[in-house]
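Accompanying notes for the structure given below.
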Amino acid sequence: MRQRLRRWFAAHRRDLPWRRVPRQPYHVLVAEIMLQQTQVWRVEPAFERFIERFPTIAALAAAPRAEVLRAWQGLGYNRRAVFLHECATVVCQQYNGVIPPDYAQLRSLPGVGDYTARAILAFAYEQDVAVVDVNVHRVLSRFFELQATEADLLPLPTVHRLAAELLPRGGARWWNEALMDLGSLVCVRRSPRCAACPLARCCASANSMQPAPRRQRQEPTYRGLPRRLWRGKLVELLRQRPVWTLQEIACALFGTPTSADLEWLEALALGLHRDGLVSFRQDGRVGLPSPEEEAAKTSAL
Ligand code: SF4
19 MRQRLRRWFA
29 AHRRDLPWRR
39 VPRQPYHVLV
49 AEIMLQQTQV
59 WRVEPAFERF
69 IERFPTIAAL
79 AAAPRAEVLR
89 AWQGLGYNRR
99 AVFLHECATV
109 VCQQYNGVIP
119 PDYAQLRSLP
129 GVGDYTARAI
139 LAFAYEQDVA
149 VVDVNVHRVL
159 SRFFELQATE
169 ADLLPLPTVH
179 RLAAELLPRG
189 GARWWNEALM
199 DLGSLVCVRR
209 SPRCAACPLA
219 RCCASANSMQ
229 PAPRRQRQEP
239 TYRGLPRRLW
249 RGKLVELLRQ
259 RPVWTLQEIA
269 CALFGTPTSA
279 DLEWLEALAL
289 GLHRDGLVSF
299 RQDGRVGLPS
309 PEEEAAKTSA
319 L
């Protein structure tokens, strides 16, 4: 399996900007946070712009929060920008600007969960750590056990164990990347390309799975749109102009808002405020986080 995958990877490896050498832990951190809920093709240009604007972790930590949120434009799930900014601040304050090559220390950083910590250790520091994203989860599930439909997967702890056992010592970087690329390019969620797969001869699910029925996403909506999209629209308005009244925002979003719209919008803005994405000025207007509010939060980190 390793030899076949390695040969395939040598020919089909994705040339992504955060994979360039010399590999920089800061680039890996930024990319992994961006990739958490955004597709690779959208992350690539945003990553290049972001790194050009904040070339080092110190530059990111020193930037105002509002500027980081502006640079996050187009990626969605803006809360990740807040976590990334807080993470850069902590790394500069507590680790002299060096992202720690240690799992427990990484997990203590804002916005860094198990997956991101493992990805930094494997991709930035080449430690022997298995990284299981949705692609790896899918490839290993299908390879080791016949899956009835394209949506079926092995339990995550089982895949973590398999991934750790398979990991070639000293080869964490290429191995994890190769599995991810195979899942992204060949062993895709719907209609996997088994005929072009280097693992087909020994894969338990090759050419055997049934298509899966489409699942409806369950999420809170308002006026027919998911709440997360309204959050994104509100932050997008604040990127365009420093401060707004809630009435102005309501008019921009709804045209002629009702009192129910205003009430709902206020609750939405309060939620964004709690997440560090917007601030309420003293006159009640709303904007991206102000430097004073940010300073208070930074000193609390
Ligand atoms: S043979 Fe098909 S199911 Fe198996 S790993 Fe390759 S693409 Fe996925």
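Using the numbering used here, the letters of the sequence shown correspond one by one to residues 19 to 319. Where is the CB? At the ideal position from N, CA and C, for every residue including glycine. Here the structure is a predicted model, which means the values were calculated and not measured.
Mark Trp59 as exposed unless 16 or more other C-beta atoms lie within 10 angstroms of its C-beta, in which case mark it buried. Here residue 59 is taken as the residue at index 41 of the sequence shown, counted from 1. With fewer than 16 other Cβ atoms within 10 Å, it is exposed.
Whether His45 touches Ile69 by CB criterion (8 Å): Counting from one through the sequence shown, the residue named residue 45 turns up at place 27. Counting from one through the sequence shown, the residue named residue 69 turns up at place 51. Yes, they are a contact pair.
Could you tell me if Gln165 is buried or exposed, where buried requires 16 or more neighbouring beta carbons within 10 angstroms of its beta carbon? Counted from its first residue, the sequence shown places residue 165 at position 147. Classification for Gln165: buried.
Could you compute how far the alpha carbon of Glu66 sits from the alpha carbon of Pro35? Stepping through the sequence shown from its first residue, residue 66 is reached at position 48. Stepping through the sequence shown from its first residue, residue 35 is reached at position 17. Approximately 7 Å between the Cα atoms of the pair.
Quick one: is Cys220 buried, meaning 16 or more other Cβ sit within 10 Å of its Cβ, or exposed? As a first step, residue 220 must be located in the sequence shown, where it is residue number 202. That one is exposed.
Is the beta carbon of Ala224 within less than 7 Å of some heavy atom of the ligand SF4? The residue given as residue 224 occupies position 206 in the sequence shown. In terms of side-chain proximity, the C-beta atom of Ala224 is found nearer than 7 Å to a non-hydrogen atom of the ligand SF4.
Taking 8 Å as the cut-off, decide whether the C-beta atoms of Ile138 and Leu102 are in contact. Sequence index remark: in the sequence shown, residue 138 carries index 120 (1-based). Sequence index remark: in the sequence shown, residue 102 carries index 84 (1-based). Cβ atoms of Ile138 and Leu102: not closer than 8 Å.
Candidates Cys105, Asn114, Ala99: closest to Leu124 by CA position: Residue mapping note: residue 124 aligns to position 106 of the sequence shown, counting from 1. Residue Cys105 holds the alpha-carbon nearest to the alpha-carbon of Leu124 among Cys105, Asn114, Ala99.
Using 8 Å for Cβ pairs, my map puts Ala230 next to Glu163. What's the rounded Cβ distance? Locating residue 230 in the sequence shown gives position 212, counting from the first residue. Locating residue 163 in the sequence shown gives position 145, counting from the first residue. About 16 Å separates the Cβ atoms of Ala230 and Glu163, ruling out a contact at the 8 Å cut-off.
Measuring only the C-alpha atoms, how far is Thr107 from Ser277? Stepping through the sequence shown from its first residue, residue 107 is reached at position 89. Stepping through the sequence shown from its first residue, residue 277 is reached at position 259. One alpha carbon belongs to Thr107, the other to Ser277, and they sit about 40 Å apart.
What did DSSP end up calling Trp176 once you bin it into helix, strand or coil? As a first step, residue 176 must be located in the sequence shown, where it is residue number 158. Per the sequence shown, the amino acid found at residue 176 is Thr instead of Trp. Helix.
Does the Cβ of Val39 have 16 or more other Cβ atoms within 10 Å, making it buried, or fewer, making it exposed? As a first step, residue 39 is located in the sequence shown; it is residue number 21 there, counting from the start. Note on Val39: under 16 other CB atoms within 10 angstroms of its CB, so exposed under the neighbour-count rule.
In its own chain, which residues sit with a C-beta less than 6 Å from the C-beta of Asn153, not counting the 5 before and 5 after it? Within the sequence shown, numbered from 1, the residue matching residue 153 stands at position 135. So the list reads Met198, Gly201, Ser202, once near-sequence residues are dropped.
In angstroms, rounded to a whole number, what distance separates the CA positions of Gly294 and Ala268? The residue you call residue 294 lines up with position 276 of the sequence shown. The residue you call residue 268 lines up with position 250 of the sequence shown. The C-alpha of Ala268 is placed about 21 Å away from the C-alpha of Gly294.
Hey, quick one: how far does the alpha helix (DSSP H) through Cys205 stretch, first residue to last? Along the sequence shown, read from residue 1 onward, the residue named residue 205 stands at position 187. Annotation: Cys205 is outside any alpha helix (DSSP H) and is labelled neither H nor E by DSSP.
Please state the DSSP three-state secondary structure of Pro244. For this step, residue 244 is matched to residue 226 along the sequence shown. Of the three classes helix, strand and coil, the one that applies to Pro244 here is strand, per DSSP.
Ignore the nearest five residues each way along the sequence and tell me which others in Arg191's own chain have a CB closer than 7 Å to its CB. Here the question's residue 191 lines up with position 173 in the sequence shown. Closer than 7 Å at the Cβ level, and outside the excluded window around Arg191, lie Ala140, Phe141, Glu144.
Under a Cβ-count criterion, where at least 16 other Cβ atoms within 10 Å of its own Cβ denotes burial, should Ala49 be classed as buried or exposed? Translated into the one-based positions of the sequence shown, residue 49 becomes position 31. Buried is the call here.
With DSSP collapsed to three states, give me the class of Gly250. For the purposes of this step, residue 250 is taken as the residue at position 232 of the sequence shown. Gly250: helix per DSSP, three-state reduction.
According to the neighbour-count rule (16 or more other Cβ atoms, all chains shown, within 10 Å of its Cβ), is Met19 buried or exposed? Position 1 of the sequence shown, counted from the first residue, corresponds to residue 19. Exposed, because fewer than 16 other Cβ atoms sit within 10 Å of the Cβ of Met19.
Do Ala376 and Val204 have their C-beta atoms within less than 8 Å of each other? With the chain covering only 19 through 319, there is no way to say anything about residue 376.
Please say whether Leu256 and Leu306 have beta carbons closer to each other than 8 Å? Within the sequence shown, the letter at position 288 stands for residue 306. Within the sequence shown, the letter at position 238 stands for residue 256. In contact: Leu306 and Leu256 (Cβ atoms closer than 8 Å).
Candidates Pro73, Thr176, Glu237: closest to Val157 by CA position: Mapped onto the sequence shown, residue 157 falls at position 139. Minimum Cα distance to Val157 is reached at Thr176.
Tell me the rounded alpha-carbon separation between Gln258 and Phe298. Counting from 1 along the sequence shown, the entry for residue 258 is found at position 240. Counting from 1 along the sequence shown, the entry for residue 298 is found at position 280. Gln258 and Phe298: Cα-Cα distance of roughly 17 Å.
I'd like to check one pair, Ala76 with Gly129: are the Cβ atoms closer than 8 Å? Within the sequence shown, residue 129 is the residue found at index 111, counting from 1. Within the sequence shown, residue 76 is the residue found at index 58, counting from 1. No. Outside cutoff.
Excluding the 5 residues preceding and the 5 following Trp90 in the sequence, name in chain order all residues of the same chain whose CB lies nearer than 7 Å to its CB. As a position in the sequence shown, residue 90 is number 72, starting the count at 1. These residues qualify, in order along the chain: Asn96, Ala99.
Can the beta-carbon of His155 be found less than 8 Å from the beta-carbon of Leu171? Taking the sequence shown and counting its residues from 1, one reaches residue 155 at position 137. Taking the sequence shown and counting its residues from 1, one reaches residue 171 at position 153. Closer than 8 Å, so yes.
Alpha carbon to alpha carbon, how far is Arg83 from Glu310? Give it in angstroms, no decimals. Residue mapping note: residue 310 aligns to position 292 of the sequence shown, counting from 1. Residue mapping note: residue 83 aligns to position 65 of the sequence shown, counting from 1. Going from the Cα of Glu310 to the Cα of Arg83 covers about 11 Å.
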